[in-house]
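Residues in the sequence shown are numbered from 4 upward in steps of one, following the numbering used here.
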Amino acid sequence: MQELTLRDVLATLDSVLSWSYLDRPEEMAIRGIGTTPEKTKKTFLYVCKRPINERGVDLVKAAIRNGAVAIVTDRPIDARVPVIYCRDVARACEQLQTLFATEGNHAKHAER
């Protein structure tokens, strides 16, 4: 199975405001995306569509417990994984779905 890197993901998104790295994970493998903690699996990127309030923080924590290795959101959050801050999370989610769907077998792993 071909995997994308965090660097590939960053190059695809057009609404990135900033990002935070821990220990230079640019080459970290990303196998798919999840938009709910339940659909987020090991080595997935979690797209947090909900506002980062108390409930949103709980969702991010659950996604990380389920295996998320990076987060996409529009609000600052303290996480122990890389966080990509986007101006438009819905647009970022569409771009990520397209990116993973065009990577052959990733269509099975990316949430549609």
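We put the CB at the ideal spot given by N, CA and C, even for glycine.
Source: prediction; values computed, not measured.
| Query | Result |
| --- | --- |
| 7 Å CB neighbourhood of A82 in its chain, flanking five on each side removed | V63, I67 and I74 |
| Neighbourhood of C89 by C-beta distance below 8 Å, restricted to the same chain and skipping five residues each side | L16, S18, V19, L20, V75, T76, D77 and A95 |
| Contacts around Y24, its chain only, beta-carbon distance under 6 Å, and the 5 residues preceding and following it disregarded | P85 |
| Whole-angstrom C-beta distance between T43 and K52, which should lie under 8 Å | 12 Å between Cβ atoms; not a contact. |
| Simplified DSSP state of V75, which is helix, strand or coil | strand |
| Residues bridged to C89 [DSSP beta-bridge criterion] | V19 |
| Backbone secondary structure at A32 - three-state DSSP | strand |
| Close-in-space but distant-in-sequence residues of the same chain around E30 (CB under 8 Å, 5 per side omitted) | T8, L9 and R10 |
| In DSSP terms, what G37 is bridged to | Y49 |
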